[in-house]
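One rule links them: number in my numbering = place in the sequence shown (from 1) + 18.
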Amino acid sequence: ATDEHNDVYGVDNGFVPSPNGWGSGIFGDPHLLTFDQLSFDCQAAGEFVTLTSLQDPTFQIQERFSSADSDSCAQASVSTGIAFKDTNKPTIQMSTPKTGQTALNTIVAGGILCPIDFYVDGVASTLGSILSSNILVDKDGPRVLLAHTDTLLKVEVTVEHSDTFGCHFLVQLAIPETFRPGETILGLLGTPNGDAEDDWRAPNGDIIAAPMSEEERIFGTAYEYCVDNWCISNSAASLFSYGGSETFENIYKCDTPYSNDIELAVADPSEELANICGTDLFCLVDGICGDLSDAAMALDSEATIIAIQESIDFTPSPTTTSAPTLVPTVPNPWYADGETGTTSCLNDGNQPEYMNSDPNWWLYLTCEDCCQERSNWALQE
Numbered sequence: 019a020t021d022e023h024n025d026v027y028g029v030d031n032g033f034v035p036s037p038n039g040w041g042s043g044i045f046g047d048p049h050l051l052t053f054d055q056l057s058f059d060c061q062a063a064g065e066f067v068t069l070t071s072l073q074d075p076t077f078q079i080q081e082r083f084s085s086a087d088s089d090s091c092a093q094a095s096v097s098t099g100i101a102f103k104d105t106n107k108p109t110i111q112m113s114t115p116k117t118g119q120t121a122l123n124t125i126v127a128g129g130i131l132c133p134i135d136f137y138v139d140g141v142a143s144t145l146g147s148i149l150s151s152n153i154l155v156d157k158d159g160p161r162v163l164l165a166h167t168d169t170l171l172k173v174e175v176t177v178e179h180s181d182t183f184g185c186h187f188l189v190q191l192a193i194p195e196t197f198r199p200g201e202t203i204l205g206l207l208g209t210p211n212g213d214a215e216d217d218w219r220a221p222n223g224d225i226i227a228a229p230m231s232e233e234e235r236i237f238g239t240a241y242e243y244c245v246d247n248w249c250i251s252n253s254a255a256s257l258f259s260y261g262g263s264e265t266f267e268n269i270y271k272c273d274t275p276y277s278n279d280i281e282l283a284v285a286d287p288s289e290e291l292a293n294i295c296g297t298d299l300f301c302l303v304d305g306i307c308g309d310l311s312d313a314a315m316a317l318d319s320e321a322t323i324i325a326i327q328e329s330i331d332f333t334p335s336p337t338t339t340s341a342p343t344l345v346p347t348v349p350n351p352w353y354a355d356g357e358t359g360t361t362s363c364l365n366d367g368n369q370p371e372y373m374n375s376d377p378n379w380w381l382y383l384t385c386e387d388c389c390q391e392r393s394n395w396a397l398q399e
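Okay, structure coming up:
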């Protein structure tokens, strides 16, 4: 993005939650930062419910954690897939296969061509900028935005690669303050209400006291919380499709007893790793289960998610219909048009209402900004 665009929209990595809303993220050997900024790990392999509604479980976001080929950590895993659905919308899945090369798509990450599967209602598809049935899919380099344009749910998947973890995902998820009002949102990413103390919950909504100790939220206690409450144990409950030799059964390992080899190694890191990580446990875990580059990547991902969380205004929205203050102060801002098939950036004042309601992501000051940010759109004179 251009500097001018960054100055207006407030971040430099392209992922912008609604001004009044909630942001969360999952990265590395799965490290989680909930909407309410509770940090913990889920070092397990299987498919997990990251977000759902207690009152309406037809809304669901699931994430796949696949075992990593680590010589140092028996239970190391990384995010390799996300699938989500909502009422009257198709199920969308993006994943990178760990077995077999069946993908229709590829994305370059760390100089490596990563295979990417993209499914719409179980049908293998090609990635592209599409807008239909209130679903937006927009690819920009290693990042792919998946969004519901009516509810303003946004999922950004950044494809990453390392020698130990292979191709895997950094996932950021944002919802507006008004998302599913009156319902209890829960799952691995917690309950977005400004109170981190109720982020650990059972599927029935009962609050589980999260440990005060960061070590307990990284190791055994966190492992048991993840697998006992949010691991999907029945293939019929999974939203995922499978290609090649992948199956639900060869991904599921939530019945594996916890191994403490990671925490023993974290207690005695190498001098080089300690110099990179300091006391940051996310960094130490990834540096031990992977290598020094994985440790550095963990620090970068953690900082990115925290910066976005801290940029969000948690003040309740005023009861007014006025537009957010970050709307570009030009009569007709530029927007990327995908509904007519013209694949162009326009400033005709006919942008859809969902763009006006969330201008931080959708609207641009100039045509050049629009086309550069949406790199696959044609520059119109």
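Note that CB positions come from ideal geometry on N, CA and C, so glycine has one too.
_Per the DSSP calculation, cysteine 363 is bridged to which residue(s)?_
Ala354
_Quick check: what's the CA-CA separation for isoleucine 236 versus serine 311?_
20 Å
_Suppose you measure from the CA of methionine 315 to the CA of phenylalanine 187; what does that come to, to the nearest Å?_
12 Å
*Measure the C-alpha to C-alpha separation of isoleucine 125 and glycine 43 and round it to an integer number of angstroms.*
21 Å
*DSSP beta-bridge partners of alanine 7*: Coverage of the chain is limited to positions 19 through 399, which leaves residue 7 absent and any answer about it impossible.
*Closest by C-alpha distance to cysteine 272, when choosing among Ser251, Thr384, Ala285 and Ser259*: Ser251
*Rank Ala86, Ser259, Ala321 and Thr209 by C-alpha distance to the C-alpha of isoleucine 225 and give the top, closest one.*
Thr209
*What is the C-beta distance between phenylalanine 102 and isoleucine 79, in whole angstroms, given that I count them as a contact (C-beta under 8 Å)?*
4 Å
*Go ahead and pull the three-state DSSP assignment for glycine 159.*
coil
*Proximal residues to asparagine 247 (C-beta, below 7 Å), its chain only, five neighbours per side dropped*: Ala220 and Pro221
*Length at least 3, wholly inside the stretch 69 to 148: the beta strand (DSSP E) runs in chain order*: 78 to 85, 95 to 103, 110 to 113, 123 to 127 and 130 to 138
_Between the CA atoms of serine 97 and cysteine 407 - distance to the nearest angstrom_ = There is simply no residue 407 to check, as the chain begins at 19 and stops at 399 in what is shown.
*Would you call the stretch 132 to 144 and the stretch 108 to 115 touching, i.e. three or more CB-CB distances under 8 Å?*
yes
*Figure out for me which residue from Thr265, Gly184 and Glu195 has the closest Cα to the Cα of leucine 171.*
Glu195
*Reducing DSSP to helix, strand and coil, say where aspartate 279 ends up.*
helix
*Range of the contiguous beta strand (DSSP E) that encloses isoleucine 44*: 39 to 45
_If you reduce the DSSP assignment to three classes, tell me which class phenylalanine 183 lands in._
coil
*Can you list, in chain order, the residues of its chain whose CB lies under 7 Å from that of threonine 384, leaving out five sequence neighbours each side?*
Trp352
_Using only the alpha-carbon positions, how far apart do alanine 228 and alanine 214 sit?_
9 Å
*With a threshold of 16 other CB atoms inside 10 Å of the CB of leucine 191, please say whether the residue is buried or exposed.*
buried
*Less than 8 Å separating the beta-carbons of phenylalanine 66 and leucine 257?*
no
*glutamate 281: which of Arg82, Asp59, Pro370 and Thr70 sits nearest, CA to CA?*
Asp59
*asked:* If you follow the alpha helix (DSSP H) that phenylalanine 300 is in, where does it begin and where does it stop?
replied: 299 to 307
*Thinking C-beta only, is serine 90 closer than 8 Å to isoleucine 306?*
yes
*cysteine 389 - partner residues in DSSP beta bridges*: Cysteine 389 is not bridged to any residue.
_Whole-Å CB distance - serine 319 paired with glycine 46, under 8 Å assumed_ = 6 Å
*In three-state DSSP terms, what is aspartate 59?*
strand
*Skipping 5 residues on each side, what residues in its chain have a beta carbon closer than 8 Å to that of phenylalanine 266?*
Glu65, Ser253, Ser256, Phe258 and Tyr260
*Measure the CB-CB distance between arginine 161 and threonine 176 and report whether it falls below 8 Å.*
yes
*Express the C-alpha separation of aspartate 355 and serine 277 in angstroms, rounding to a whole number.*
51 Å
_Closest by C-alpha distance to histidine 49, when choosing among Asn106, Ser71, Asp74 and Glu233_ = Glu233
*asked:* In this structure, how does DSSP classify threonine 347 when only helix, strand and coil are distinguished?
replied: Bear in mind that a pLDDT of 46 at threonine 347, under 50, signals an unreliable position, so the model cannot answer this.
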